[in-house]
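Protein chains: 2
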Amino acid sequence: MLMKQVIVVNESLKLPRGKLAAQVAHASVGAFLETDQAIRQTWIESGMAKVVLKVETEADLLRLYELAQRQHLPALLVEDAGQTVVPAGTVTCLGLGPASETEIDQLTGDLKLLR
Amino acid sequence: MLMKQVIVVNESLKLPRGKLAAQVAHASVGAFLETDQAIRQTWIESGMAKVVLKVETEADLLRLYELAQRQHLPALLVEDAGQTVVPAGTVTCLGLGPASETEIDQLTGDLKLLR
Numbered sequence: 000m001l002m003k004q005v006i007v008v009n010e011s012l013k014l015p016r017g018k019l020a021a022q023v024a025h026a027s028v029g030a031f032l033e034t035d036q037a038i039r040q041t042w043i044e045s046g047m048a049k050v051v052l053k054v055e056t057e058a059d060l061l062r063l064y065e066l067a068q069r070q071h072l073p074a075l076l077v078e079d080a081g082q083t084v085v086p087a088g089t090v091t092c093l094g095l096g097p098a099s100e101t102e103i104d105q106l107t108g109d110l111k112l113l114r
Numbered sequence: 000m001l002m003k004q005v006i007v008v009n010e011s012l013k014l015p016r017g018k019l020a021a022q023v024a025h026a027s028v029g030a031f032l033e034t035d036q037a038i039r040q041t042w043i044e045s046g047m048a049k050v051v052l053k054v055e056t057e058a059d060l061l062r063l064y065e066l067a068q069r070q071h072l073p074a075l076l077v078e079d080a081g082q083t084v085v086p087a088g089t090v091t092c093l094g095l096g097p098a099s100e101t102e103i104d105q106l107t108g109d110l111k112l113l114r
């Protein structure tokens, strides 16, 4: 089965590049750690496919997170500690999966790539 | 012991934000998977500290990678598959650790934060 991970970014924050990259990495490792061992292994062996998408509001991220939980998909919301760029508690991104491409696309198939 | 992970970006490529974030996440998960279980666990429990730094040339990244290997630090070089933004085989970034802050800083303490 084709596995992938998606990280969805709250693009309303317009995070600077380094900050954004760190938050996305945090979501990626964090969601990975929420995933069952067998699925992790399949994903690793197939090259750890990951895609970075965007939404325009924090509310969109929270809605996706709820949907993911309802479908028992591994998911991790990243809140910034807020020492530098954004206020503490700001939700910067959401890691989803790895999980089957079909399940991930059901939730995120409409979202745009972050360029 | 204080653990951290560093991801060093080849900033000469000026990767677009989404591409950069995906490559950094790849380095982060990949270097994590190179790390011993006990160190992983300590790092996870202490909040998975990670910092994104930059160098200006691919040669700098390769040099860091060699130094890391000589010191038996977990390290992963990320090469882009090259389907979109950069030529195949381009080295985009390097994941280091998690490892003790002291060891990581010995290698990367002089590098600048990626903003």
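Just so you know, the sequences run in chain order F and U.
When we follow numbering that gives the first Met the number 0, the leftmost residue of the first sequence carries the number 0, and every step to the right adds one.
When we follow numbering that gives the first Met the number 0, the leftmost residue of the second sequence carries the number 0, and every step to the right adds one.
The beta carbon of each residue, even a glycine, is placed where N, CA and C say it ideally should be.
Query raised in the report: Which residues, in order along the stretch 23–54 of chain U, keep a beta-carbon less than 9 Å from a beta-carbon of chain F?
Result: Val23, Ala24, His25, Ala26, Ser27, Val28, Gly29, Phe31, Leu32, Ile43, Gly46, Met47, Lys49, Val50, Val51, Leu52, Lys53
Query raised in the report: At what residue ranges does the stretch 6–86 of chain U contain a whole run of the alpha helix (DSSP H), taking only runs of 4 or more?
Result: Taking only runs of at least 4 residues, the alpha helix (DSSP H) segments lying wholly in the stretch 6–86 of chain U are 16–32, 36–44, 57–69.
Query raised in the report: From the beta carbon of Ala74 (chain U), is the nearest beta carbon of chain F less than 9 Å away?
Result: no
Query raised in the report: For Ala20 (chain F) versus Ala24 (chain U), is the C-beta distance shorter than 9 Å?
Result: yes
Report task. Report the neighbours of Leu93 (chain F) on chain U: residues whose CB is nearer than 8 Å to its CB, in chain order. Result -> The contacting residues do not exist; Leu93 (chain F) stays about 13 Å from chain U at best.
Query raised in the report: With 16 other CB atoms within 10 Å as the buried threshold, where does Asp79 (chain F) fall?
Result: buried
Requested in this report: Return the first residue and the last residue of the beta strand (DSSP E) that Thr91 (chain F) is part of.
Outcome: Boundaries of the beta strand (DSSP E) harbouring Thr91 (chain F): 90–99, taken from the DSSP string.
Query raised in the report: Can you tell me whether Thr56 (chain F) is buried or exposed, with buried defined as 16 or more other CB within 10 angstroms of its CB?
Result: exposed
**Report entry** Proximity test, Cβ basis, 9 Å: Ile6 (chain F) and chain U
**Finding:** yes
Report task. Please work out which residues of its chain come closer than 8 Å, Cβ to Cβ, to Leu60 (chain U), disregarding the five sequence neighbours upstream and downstream, and give them in chain order. Result -> Val7, Asn9, Val54, Leu76, Val90, Cys92, Leu93
Query raised in the report: How would you call Ser45 (chain F), buried or exposed, if buried means at least 16 neighbouring beta carbons within 10 angstroms?
Result: Around the beta carbon of Ser45 (chain F), fewer than 16 other beta carbons lie within 10 angstroms, which makes this residue exposed.
Query - Distance between beta carbons of Val28 (chain F) and Met47 (chain U), contact taken as under 8 Å - result: 6 Å
Requested in this report: Could you work out which residues of chain F lie near Pro15 (chain U), taking near to mean beta carbons separated by less than 8 Å?
Outcome: Arg114
**Report entry** For Lys18 (chain F) and Val117 (chain F), believed in contact at Cβ under 8 Å, the rounded distance
**Finding:** Coverage of chain F is limited to positions 0 through 114, which leaves residue 117 (chain F) absent and any answer about it impossible.
**Report entry** C-alpha distance - Val5 (chain U) paired with Val51 (chain F), whole-angstrom precision
**Finding:** Just so you know, the alpha carbons of Val5 (chain U) and Val51 (chain F) end up roughly 20 Å apart.
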